[in-house]
Each structure stands twice: as C-alpha cells, then as structure tokens.
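A.B. asks: After the structure tokens below, expect a handful of questions from me.
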Amino acid sequence: MKTFRKELWFNVPSRRGFVNITSQIQNCISESYVQEGLVLVNAMHITASVFINDDESGLHHDYDIWLEKIAPHEPVAGYRHNVGEDNADAHMKRQIMGREVVVAITQGELDFGTWEQIFYGEFDGKRKKRVLVKIIGE
Amino acid sequence: MKTFRKELWFNVPSRRGFVNITSQIQNCISESYVQEGLVLVNAMHITASVFINDDESGLHHDYDIWLEKIAPHEPVAGYRHNVGEDNADAHMKRQIMGREVVVAITQGELDFGTWEQIFYGEFDGKRKKRVLVKIIGE
Amino acid sequence: MKTFRKELWFNVPSRRGFVNITSQIQNCISESYVQEGLVLVNAMHITASVFINDDESGLHHDYDIWLEKIAPHEPVAGYRHNVGEDNADAHMKRQIMGREVVVAITQGELDFGTWEQIFYGEFDGKRKKRVLVKIIGE
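As given, the protein sequences belong to chains E, C and B, one line each in that order.
Read in order, the letters of the first sequence are residues 1 to 138 in my numbering.
Read in order, the letters of the second sequence are residues 1001 to 1138 in my numbering.
Read in order, the letters of the third sequence are residues 2001 to 2138 in my numbering.
Spelled out as structure tokens, the structure:
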C-alpha cells in the first residue's frame, strides 16, 4: 500500500471565497504514483470547507447569498461564540458545505463525473489556512 | 490490496426523488471479494446526492418539503446560475444532503446500524445520471 | 494492509447534545497499530451525527439554536414521519451536521489542524446509541 500526504496553503483576500483546487489535487495524485485508491481532501480549519460542485461564477454567487441567508454574519452579537471573535457564522456555513471530500482514484486520475470540480470554500479569510491531501492506494 | 469500481445508472422520472440503492452496493461488495475495507459511494453529478438515512416514505416526504423550503426551486430567476438552466436549487439541495458516503466493509458486508440505508437523492431528474462505487480493502 | 473495527457507545441524557470523542478515536488508532491510513468515524443511527468542529461551549449553544431554527422539533405533527414518533427533526439536523468523518492517520496520529476535534452529535437522545470506528492502513 502506498500513502501520500501534502498540505496546500491558501490566503483568500476577502472574508468569503471559493477556490478551484482540482488541478492541485490531480498533481498530488500524480506525485503519489497511486493508480487505484482514495484521496481524502479536507480543510484543516473549522471555518472553511472542501466540497465538490460546479465551477460556475453565477452558482458561486448564489451559494454566497444562500449561505448568508441560512447563517448570517450579522448581527455578530447574535452568536454566543462571538466573544472576541466574529466568525460563528463561518462555523455554520462550513457544516452546510462540508469539511471534506473523498474521491476515487482510477488509473492514476481523479475518477470524476463531467462537471465535478473540487473547491476550497473560505468563510473566514484574509489569513493563511491549510488543506490536507491524504492518498492511500497502490 | 484489492480495488473495485462500478458505475450505477439512474433515471428518476420526476424532478426529485429518492432511490434505495443499498442492495446494489452490497452486490458490488460481493463482486469485489473485499472482506475488510471501505466503500465510497458518490453521485457523479453535482445536482444529485448519495446519503444514508431511513427508508420511510413519510420521512422522504418531509425531506422534500424541508429542502424545498431551504432552497426553493421557484422563483427560478432568483438564482444567477439559472441562465438557460433552472437547477440552481438542486446544487443547494445536494450540499445539504451530501455528495457521498463512505461505509465500512466488515466480513464482506456493509457494516451498518439497524436502520441505515443508502439512497440516491435526485434533485434534477428526468435524465440518466450516474453513481460511482469504489471499493478498497482486502 | 491492517484493518481495525470498534463500536463506541453513548447515552446522552438529554434530547440533544455534543460529546467530544477525539481522544477515544486516537485510542482506537493506537490500538490498531496503523501508522499511515484513514479512519472512518460514523454514527450508526440516523438521528445522530459525527462531525468535526471547535470544542467551544458558546459555539455548541449556537449550533443548537441554529439547528432548531432550520429544522424545528415543534410542532411534532408538522412532519409526516412523526406517526408514533417525534424525531423527524433529528433526521434533518443529522443531514446538516453529517453522518461521518474520514480523517487521515499520519505517523500513528490523527492528522489534524490546530482546532479540529471530533464530536458525536445527538439529536434524539436519552438512549444508548453507537458510533462505528473503522481504520484501514498499515
């Protein structure tokens, strides 16, 4: 069995944003020389997400509006967590979008449907944060 | 290490619906001859879901009403994604219900609690769509 | 390839509650002697969750209020599932928080970000319920 580990770093300049990391994950698979297996990709921060959806700017705008409606940033004082912090909403948004994805590796490639793309979802940005890539297989 | 891969196809006749795929996943495990390992089951489409919950028609009705309340289909023009499309709500519903499940395989069987059942969740149906089954173990 | 399986039992005395199970999962990894691999941790019940977030009581209070707003327990009769049952809301809450987490194991340890902690999330408690831990690796 082969295993591979890598951390990817991101610094999203705004509070919220989505970054397509698909090619970086494919690069990790290539570096790992794993032909058949699984890749786990997870946010290492609890106010961020890794998820799979469409790379379409209109949809990303819709996600942002929708998440803000379900878990609004304001009023900051509306959350008990926000004592010396203002990111309680980000902890909620990350639960909706999810911490991690597990993707099949087949013949050395991400085994994907036509429109599947992997995103880093930032809900409390303007600082350096990490994503973990762990691959197992052979 | 053994690996196994299979695509399952679905064509849900309505826009939304839930299909119990547990026995198909167990059949994949039997075909794979994996006794101990993990099975990943994921929608290959970004407007569909694979999730685990109860096979109870009242609950499925409740899920449908609830998801429609959280991410309504109408008004279609309320989503920026809906330019020549009308499925933005399906991309939201799929995030709530999730893209994938990872299930333990023990002694050649799905290692499940009493009421756990695997479902394909369709939010933009009336066409053929795929689920990926990837098994690793030995 | 090594595999390891263990069930953890919980009996949350209230309807809803969050239990930090991180050290129990680390103990499972130590028992398994797996140095590099993946650990799957999932609720075996469909009204409970396993998720990763912050161990901060204010946030847990916020989660409880937020989930009750998205999927209220009352009115019980508002859910078709609630025929002889009253836990339909728990099936919704569990979808938001998620059934399972998959975590990387590196050098025999949970490969975690600074604030990541694993929780059992109970939404229909006052009875014994189980979490499954399945480890694969070497």
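Every residue, glycine too, gets a C-beta built ideally from N, C-alpha and C.
Verify the CB distance criterion: does B/T2106 have a CB-CB separation below 8 Å to chain C?
C.D. replies: Output row for B/T2106: interface = no.
A.B. asks: Looking at C-alpha atoms only, which residue of C/H1045, C/L1040, C/M1044 is the closest neighbour of C/I1052?
C.D. replies: When only C-alpha atoms are compared, the closest one is C/L1040.
A.B. asks: Among B/A2104, B/K2128, B/E2116, B/E2109, whose alpha-carbon lies nearest the alpha-carbon of C/G1113?
C.D. replies: It is B/K2128.
A.B. asks: Leaving aside the five residues before and after B/W2009 along the sequence, list all residues of the same chain whose C-beta is less than 7 Å from its C-beta, in chain order.
C.D. replies: So the qualifying residues of the chain are K2128, R2130.
A.B. asks: Residues of the region 34-47 of chain E with a CB closer than 8 Å to any CB of chain B: list them in chain order, please.
C.D. replies: Cβ contacts with chain B come from L38, L40, N42, A43, M44, H45, I46.
A.B. asks: Taking the alpha-carbon positions, what's the C/G1137 to C/I1029 distance?
C.D. replies: Answer to the nearest angstrom: the Cα atoms are 10 Å apart.
A.B. asks: Going straight from the alpha carbon of E/Q117 to that of E/Y79, what length do you get?
C.D. replies: Distance between the alpha carbons of E/Q117 and E/Y79: 33 Å.
A.B. asks: Just curious, the beta strand (DSSP E) that E/N11 is in, first and last residue?
C.D. replies: From DSSP, the beta strand (DSSP E) with E/N11 extends over 2-11.
A.B. asks: Please check if any C-beta of chain C sits within less than 8 Å of the C-beta of B/V2102.
C.D. replies: Taking Cβ atoms only, chain C reaches closer than 8 Å to B/V2102, which makes this a yes.
A.B. asks: Consult DSSP for E/E109 and reduce its assignment to one of helix, strand or coil.
C.D. replies: The answer is strand: DSSP assigns E/E109 an E or B state.
A.B. asks: Hey, out of E/V50, E/M44, E/M92, whose CA is closest to E/E70's CA?
C.D. replies: Residue identity check: residue 70 of chain E is Ile in the sequence provided, not Glu. Here the closest residue by C-alpha is E/M92.
A.B. asks: Go ahead and label B/Q2107 buried or exposed: buried means 16 or more other beta carbons lie within 10 angstroms of its beta carbon, across all protein chains shown.
C.D. replies: That one is exposed.
A.B. asks: Would C/D1062 pass as a contact of B/H2073 if the rule is Cβ separation under 8 Å?
C.D. replies: Not in contact: C/D1062 and B/H2073 (Cβ atoms no closer than 8 Å).
A.B. asks: Helix, strand or coil for B/E2100 per DSSP?
C.D. replies: Three-state result, B/E2100: strand.
A.B. asks: If we cut at 8 Å on Cβ distances, does C/H1061 have a partner in chain A?
C.D. replies: Among the protein chains in the structure shown, which are E, C and B, there is no chain A.
A.B. asks: Note down, in chain order, all residues in the region 114-137 of chain E with a beta-carbon under 8 Å from any beta-carbon belonging to chain B.
C.D. replies: Taking 8 Å as the Cβ-Cβ cut-off against chain B, the residues of the region 114-137 of chain E that qualify are R130, L132, K134, I136.
A.B. asks: For the region 12-30 of chain E, which residues have a CB atom closer than 8 Å to at least one CB atom of chain C, in sequence order?
C.D. replies: From the region 12-30 of chain E, no residue has a Cβ closer than 8 Å to chain C.
A.B. asks: Using a Cβ cut-off of 8 Å (strictly closer), state whether E/E56 contacts chain C.
C.D. replies: For E/E56, the answer is yes, since a Cβ of chain C falls inside 8 Å of its Cβ.
A.B. asks: Hey, E/R16 and E/F123: beta-carbon distance below 8 Å or not?
C.D. replies: Going by C-beta atoms, E/R16 is nearer than 8 Å to E/F123.
A.B. asks: What residue from B/W2115, B/D2089, B/E2100 has the CA that sits closest to B/G2125's CA?
C.D. replies: Looking at the Cα atoms, B/D2089 is the closest of the given residues.
A.B. asks: Could you give the DSSP three-state label for C/Q1024: helix, strand or coil?
C.D. replies: In the structure shown, C/Q1024 sits in a helix (DSSP, three-state: H, G or I).
A.B. asks: In terms of alpha-carbon separation, which member of E/E109, E/W115, E/K134, E/G121 lies closest to E/Q35?
C.D. replies: Here the closest residue by C-alpha is E/E109.
A.B. asks: Taking its Cβ as the centre, do 16 or more other Cβ atoms sit within 10 Å of B/S2032, making it buried, or is it exposed?
C.D. replies: With 16 or more other Cβ atoms within 10 Å, it is buried.
A.B. asks: Just to make sure I have the definition right: I need the residues of chain B whose C-beta is within less than 9 Å of the C-beta of E/H73. Which are they?
C.D. replies: The contacting residues do not exist; E/H73 stays about 13 Å from chain B at best.
A.B. asks: Just checking: is the beta-carbon of E/V50 within a distance shorter than 8 Å of some beta-carbon in chain B?
C.D. replies: No, E/V50 lies away from the interface with chain B (no Cβ there is under 8 Å from its Cβ).
A.B. asks: Buried or exposed: which applies to E/N20, given that a residue is buried once 16 or more other Cβ atoms fall within 10 Å of its Cβ?
C.D. replies: Exposed.
A.B. asks: List the endpoints of the continuous alpha helix (DSSP H) containing E/S57.
C.D. replies: Where E/S57 is concerned, the enclosing alpha helix (DSSP H) stretches over 57-70.
A.B. asks: Sort out for me which residues DSSP pairs E/Q29 with in a bridge.
C.D. replies: At residue 29 of chain E the sequence reads Ile, which differs from the Gln that was named. The partner list for E/I29 (beta bridge, DSSP) is empty, contrary to what the question assumes.
A.B. asks: Are the C-beta of C/G1098 and some C-beta of chain E separated by less than 8 Å?
C.D. replies: Yes - at least one Cβ of chain E is within 8 Å of the one on C/G1098.
A.B. asks: For E/M1, which residues in chain C fall below 7 Å Cβ to Cβ?
C.D. replies: Here the neighbours are M1001.
A.B. asks: What in chain E is Cβ-close to B/D2064, meaning under 8 Å?
C.D. replies: What B/D2064 touches in chain E: nothing, since even the nearest Cβ is about 10 Å away.
A.B. asks: Does E/R130 come out as helix, strand or coil in the three-state DSSP assignment?
C.D. replies: Strand at E/R130.
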